[in-house]
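4 protein chains.
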Amino acid sequence: MKRLIIIVLLFVSLTAFVTGQRKTVNLPDLPGYVTLKCDFHMHTVFSDGDVWPTVRIDEALRDGLDAIAITDHLEYTPKKDFLPLDFNAAWKIGEEYAKVRNLILVHGTEITRKMPPGHFNALFITDASLIAKDSVWDAFEAAIKQGAFLQWNHPGWKAQEPDGIPKIYDIHKKLIKNGWLHGIEFFNDSEYYPLVFTFCKQYNLALMGNSDVHGTISEIYTKPENTNRPMTLVFAKERSHDSLKEAMFAGRTMVYFRDMLVGKEEYAKPFFYQCITVGKPFYDNDKSLFFEVTNKSDVPFYLVNGVAGTPASITLTANAVTRIVLSKKVTAPLVYDVRNVLTGEKEVLRIELKY
Amino acid sequence: MKRLIIIVLLFVSLTAFVTGQRKTVNLPDLPGYVTLKCDFHMHTVFSDGDVWPTVRIDEALRDGLDAIAITDHLEYTPKKDFLPLDFNAAWKIGEEYAKVRNLILVHGTEITRKMPPGHFNALFITDASLIAKDSVWDAFEAAIKQGAFLQWNHPGWKAQEPDGIPKIYDIHKKLIKNGWLHGIEFFNDSEYYPLVFTFCKQYNLALMGNSDVHGTISEIYTKPENTNRPMTLVFAKERSHDSLKEAMFAGRTMVYFRDMLVGKEEYAKPFFYQCITVGKPFYDNDKSLFFEVTNKSDVPFYLVNGVAGTPASITLTANAVTRIVLSKKVTAPLVYDVRNVLTGEKEVLRIELKY
Amino acid sequence: MKRLIIIVLLFVSLTAFVTGQRKTVNLPDLPGYVTLKCDFHMHTVFSDGDVWPTVRIDEALRDGLDAIAITDHLEYTPKKDFLPLDFNAAWKIGEEYAKVRNLILVHGTEITRKMPPGHFNALFITDASLIAKDSVWDAFEAAIKQGAFLQWNHPGWKAQEPDGIPKIYDIHKKLIKNGWLHGIEFFNDSEYYPLVFTFCKQYNLALMGNSDVHGTISEIYTKPENTNRPMTLVFAKERSHDSLKEAMFAGRTMVYFRDMLVGKEEYAKPFFYQCITVGKPFYDNDKSLFFEVTNKSDVPFYLVNGVAGTPASITLTANAVTRIVLSKKVTAPLVYDVRNVLTGEKEVLRIELKY
Amino acid sequence: MKRLIIIVLLFVSLTAFVTGQRKTVNLPDLPGYVTLKCDFHMHTVFSDGDVWPTVRIDEALRDGLDAIAITDHLEYTPKKDFLPLDFNAAWKIGEEYAKVRNLILVHGTEITRKMPPGHFNALFITDASLIAKDSVWDAFEAAIKQGAFLQWNHPGWKAQEPDGIPKIYDIHKKLIKNGWLHGIEFFNDSEYYPLVFTFCKQYNLALMGNSDVHGTISEIYTKPENTNRPMTLVFAKERSHDSLKEAMFAGRTMVYFRDMLVGKEEYAKPFFYQCITVGKPFYDNDKSLFFEVTNKSDVPFYLVNGVAGTPASITLTANAVTRIVLSKKVTAPLVYDVRNVLTGEKEVLRIELKY
């Protein structure tokens, strides 16, 4: 009889569960690449998270993501009295569930040690249980053996670095020398570490931005304060698991959180120009010229430090057309710093509006 | 080393987790009683829910509830490949967690059968595992032996009653005759069954209203459409586990969902008058008299069917002062039906505004 | 000294006022045409509205409109004790204000009589004061002399037609015969009149949808209940005053409110197909085929009446990608009625999804 | 015929307009006084505002205010080409409209000069036109003659004081010496001037906080960022025009904006204790004691600088019950600074929680 009930219930829910929506996020592709919106750091009841793995997939679709990794801790499993350890549980539960929903699920896990070396996500692995080793170096080696992309998590987390400043310890140097480290989190939830940008440039690593969510996404990243969860934007040749992996190892990433975009200039600059269109003047009079700039993306751009005679600052509101009034005496180019697009630890993107 | 990490992490989180807030819900007490806001039907990962039991307690505090029961299914446990069966798991995890947060956690479980008899919550039990029996009658008996309050869940659920109409089958009659049935759900999530009111009057049972939540409360009951989850309001002598139990067995309940209140007139009438205050006229002129009615509660009241000469209908908005203009010719009393306060399957509360 | 203060204040405000934003509304263009979002019916303090004319222009930009007409009543001016009659006041105040903000302001007025003939907006006029005549026919004639587009407003307004049903009276027949009537409101605020579609087909008139706002747009059309104000969508050759006028006289309009689109099939069908993209199957298994439909517009589409074997109904959520699961046994085409796209008084659009 | 239309329309609107609601604001009364929520600075189309005077009254009711003053500029009237000057227009239009809605309308005007002396509101006047004088001193004298309460507006407004710091000029000293100055704005919209507190203490003046709204309240003070408009809280003997006036001249005011309360300690301290209730411990164990503090008001309180051994900081969320966990070793009193309740230019309220 019990079995009968179960079958009936499952039958009812199948259609309801599989059909559904993925939100559209307005972030442009780069020429030759498709921009994948990703979050590679999150937890479930299988470590210290609050929810079942399928919830992470549903949340990702609601946020319009293309790919996620569920990365439960190997070494911190406070619920194990009720849930026997199975380091691949989230993957087993999520694999098919994600596939039929057209979400790329990346098999991952979190190696969780005190600093140094701190916490690391191993992504694109095949069996997390083989990475649960006593020695952290053995864990790294086991992950690399599986072809893992190794991401250093929240390197300036104050629980591990009281001054909040990430530091490259010997073990990190050794990882880098071996070619075993592939990315570092610049954003982890609402924390960020500017110095990470310098590390990534110096060692040629991918910038990463992730939520590290333990609770419920919709309760943490609520509009209008937080707007969206941190995302890693990956510029892939196509929307597929293998293309995603290739792009990440090649370091083609930017990170996006709230109204901040962070990435090397070679990605940030074309990204900005893909977002905006400058119109021809729609009106002029004796003194002034009027034209519009359309920002088709979900990211507002705060232009500052205009040269003398031009508007000192302009806000290009997201998904809006911004009017600009220009004195006819102005001959200087409309060159601006984009305050919220970081291209280095202390650099912002410099752009020009050509009308 | 692992152990060390765990201890540090726990230490950090203790204060953050225990201090916290419980929202204030503006619903009045009745003379001699305190009104407890309760939800006696919800699920976690230990049956077919999506979240860990502590999430249910956090949600309850956020919603300003006084008491909840976590009622995982005994017979429907689709996650058991990953989570070994422990019918008391949610209770074990939640008991202390609720106590230090001043939330009354009621030990419960759900007996889950096809109709008849359908689904039942056993509340105020001591060991759910003893209620997991092959025969449903044995299950009922085991629950009653533990002193359970037995609640019939969603009796008109279309998956079990295709016409949506609850029916009293022989097994229900036998339960009632034995004095083993104590309450029936009038509201279950956004479904409701008017006929339940007639059953409750006829057999002297408590009206119940619960969420039956499986996902996340904040994602299901979002403002402004749904306003709040369904609640059972219990009129207890004091805010304690034992007083709650006494009041429920005595049938002193109403149910509340969105802007509907449902309860026997002996509770609904004083409840209404505790919510409102009618002020003295603040202004008058040749033709009209102006006065205000203050509704101090979170429930709006829709007054309809005013007698000739008086306003045909008046909305007493929640947490607001409503102005009323009255022709001086009016001598008739301001008697109204309160459209959203049900006192029977087809009856609404009748009240009078005395200014 | 007073003069000095004024000059200083004006100087301060100029830049702040002229730069600004226009929201992006996601509604597609039709091949060969640009879709202009318009509202041709609104009031200010110069008749019975609550706000200054510039507020209507600011509201329009905030709502992403391309064109508006301010249409104060000629015959109902309850504020005239404080504001001397000037039927062109809103135009004089708004003309330059709109121009520098790239909003098309249409010069208009409302001829306001009891039924028949009811209320009419004269649009694209040159001097409203010349239309203020004792005889309504003289008023019509004066408007037409100025080249007006004549719009019959809310023909089923219950204050004038107690049964809510629009009726063609002799005077309307005469207007039509003369070629003096050009459009009729299908939507006026939250009221709508299905019969208007039949009139528009029969007499070859433009369907119109407008707000008729008297108060504040943002307080009336609040998310999520009302989503947006009623709009007339005009398919113009380009975004200019003259192109707008040409398109309206040619009857190239649809109306849009909340999640309803109303228009002749020749516009509604290509409009729908411009909104959506059907993807190739992204997954299949033994039994099913999985594919996605992207709806790039702000309008959700409710597909119903699927043929046997195909999903009975599909909701294509606005700005989202919808997954569809199809049994491999299905050979029937995915033909649907779009419940919220009206192509006649009692007809809805019929479409096919080709994957 | 025109007349007929007007009569019909007015008849329809009468009931709809007069019945209505006033929101409940949860701010406590002080012993012996009723707390009136007031805004004494706002504009309409009769100076440089965007709306008709009745809109200001409707907005006030929606915000739960008890009293307002409409204070159009005497010297800055940019709309006068369309609206002939009538300095009492807002009063004439609003007087009866406010009365039947139980809102106290205070007759006011704004004397608008460059600094010094800057801008001043004259409140409780009888005829604004008599205050429109060439000499500002003549204007002050005329206002005082009418029994005006004179409020100095935004004394640190950067358009008039580029460094943002209010200064007492000779003319202000003369006003004070004459006893002609009665209050100063501490808050004006989202600006505030800490030094005003020192002025008010030194010269025994009332602290004022007002919106100075020109546009639409609901568009400026949107949740959750701004929460509410700035208000002057007046502690009056009863809710009446004359009691309000008496209380203001007696200086019994505090100001409230967002989550800040500003007032002399003699009002701020009892106000705080009227907002909260400290419960008895609901739980204890070997190490800790658990109790709750209920904050019945709309104002959160941020308690900081707890003494050693006690919680360093506690947030008493608005309309919520806050749990506090205390080590049993603590013997020190729970004494805190309330960071968001200012009792001086650089002082905050100091309170004790007694459980």
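These protein sequence lines are chains Z, E, C and B, in that order.
If you want the working numbering, it's the position in the first sequence, counting the first as 1, plus 204.
If you want the working numbering, it's the position in the second sequence, counting the first as 1, plus 204.
If you want the working numbering, it's the position in the third sequence, counting the first as 1, plus 204.
If you want the working numbering, it's the position in the fourth sequence, counting the first as 1, plus 204.
Each residue gets a CB set at the ideal place from its N, CA and C atoms; glycine is no exception.
As the structure is a prediction and not an experimental result, all values here were calculated from the model.
Of the other Cβ atoms in all chains shown, 16 or more fall within 10 Å of the Cβ of residue 501 of chain E; this residue is therefore buried.
Across the region 268-294 of chain E, CB contacts with chain Z closer than 8 Å involve 279, 280, 282, 283, 286, 287, 288, 290 and 293, in sequence order along the chain. 8 Å or more divides the Cβ of residue 358 of chain E from the Cβ of residue 311 of chain E. If you ignore the 5 residues before and after residue 343 of chain Z, its C-beta comes within less than 6 Å of the C-beta of 315, 335 and 337, all in its own chain and listed in chain order. For residue 297 of chain Z, at least one C-beta of chain E is nearer than 8 Å to its own C-beta. Any Cβ of chain E closer than 8 Å to the Cβ of residue 469 of chain Z would place that residue at the interface, and such an atom is absent. Against chain E, the beta carbon of residue 528 of chain B has neighbours under 8 Å at 223, listed in chain order. Between residue 471 of chain E and residue 289 of chain E the beta-carbon gap is near 40 Å, outside 8 Å, which marks them as no contact. The beta-carbon of residue 447 of chain Z is placed no less than 8 Å from the nearest beta-carbon of chain E.
At the C-beta level, residue 262 of chain B and residue 242 of chain B stay beyond 8 Å of one another. Judged by DSSP in its simplified three-state form, residue 287 of chain C adopts coil rather than helix or strand. Measuring C-alpha to C-alpha distances from residue 378 of chain C to each of C:341, C:360 and C:400 identifies C:341 as the nearest.
Annotation: the region 363-413 of chain Z contains the following complete segments of the beta strand (DSSP E) (minimum length 3 residues), in chain order: 387-392.
Contact note: residue 423 of chain E reaches chain Z through 420 and 422, using a C-beta cutoff of 8 Å and chain order. With a cut-off of 8 Å on Cβ pairs, the region 397-405 of chain Z is in contact with the region 367-386 of chain Z, counting three or more such pairs. When 8 Å is used as the limit between beta carbons, residue 361 of chain Z is near no residue of chain E, the shortest such separation being about 11 Å.
The C-alpha of residue 450 of chain B is placed about 53 Å away from the C-alpha of residue 489 of chain B. Spatial neighbours of residue 453 of chain B in its own chain (CB-CB distance under 7 Å, excluding positions within 5 residues in sequence) are listed in chain order as 353 and 386. Residue 479 of chain E and residue 515 of chain E have their C-alpha atoms roughly 21 Å apart. Across the region 304-323 of chain E, CB contacts with chain B closer than 8 Å involve 304, 305 and 306, in sequence order along the chain. With fewer than 16 other Cβ atoms from the protein chains shown falling within 10 Å of its own Cβ, residue 406 of chain Z counts as exposed.
In the DSSP annotation of this structure, the continuous segment of the alpha helix (DSSP H) that includes residue 445 of chain B starts and ends at 445-453.
If you look at residue 492 of chain E, you'll find it in the beta strand (DSSP E) that goes 492-499. When beta bridges are read from the DSSP output, residue 355 of chain Z appears opposite Z:325 and Z:387. If you draw a 10 Å sphere on the C-beta of residue 326 of chain E, you find 16 or more other C-beta atoms in it, and that means buried. Non-local beta-carbon contacts of residue 504 of chain Z in its own chain, meaning distances under 6 Å to residues more than five positions away in sequence, involve 463, 521 and 522 in chain order. Residue 487 of chain B is not a Cβ neighbour of residue 518 of chain B, given a cutoff of 8 Å. By the criterion of a C-beta distance shorter than 6 Å, residue 272 of chain B is surrounded in its chain by 243 and 264, once the five residues flanking it on both sides are discounted. Residues of the same chain with a CB within less than 7 Å of the CB of residue 294 of chain Z, apart from the 5 flanking positions on each side, are 248, 250, 257, 274 and 276 in chain order. Taking residue 297 of chain Z as the centre and dropping the five residues before and after it, the same chain places the C-beta of 256, 257 and 258 closer than 8 Å to its C-beta, in chain order.
Linking residue 533 of chain E to residue 279 of chain C through their CA atoms gives a straight-line distance of about 35 Å. Among the residues of chain E, those whose CB is under 9 Å from the CB of residue 227 of chain B are 521, 523, 524 and 525, following chain order. Residues of the region 384-412 of chain C with a C-beta atom less than 9 Å from some C-beta of chain B do not occur. The three-state reading of DSSP puts residue 420 of chain E in coil, since its state is none of H, G, I, E or B.
DSSP, reduced to helix, strand and coil, places residue 461 of chain E within a strand of the structure shown. Listed along chain Z are 255, 256, 258 and 259, each with a C-beta nearer than 8 Å to that of residue 254 of chain E.
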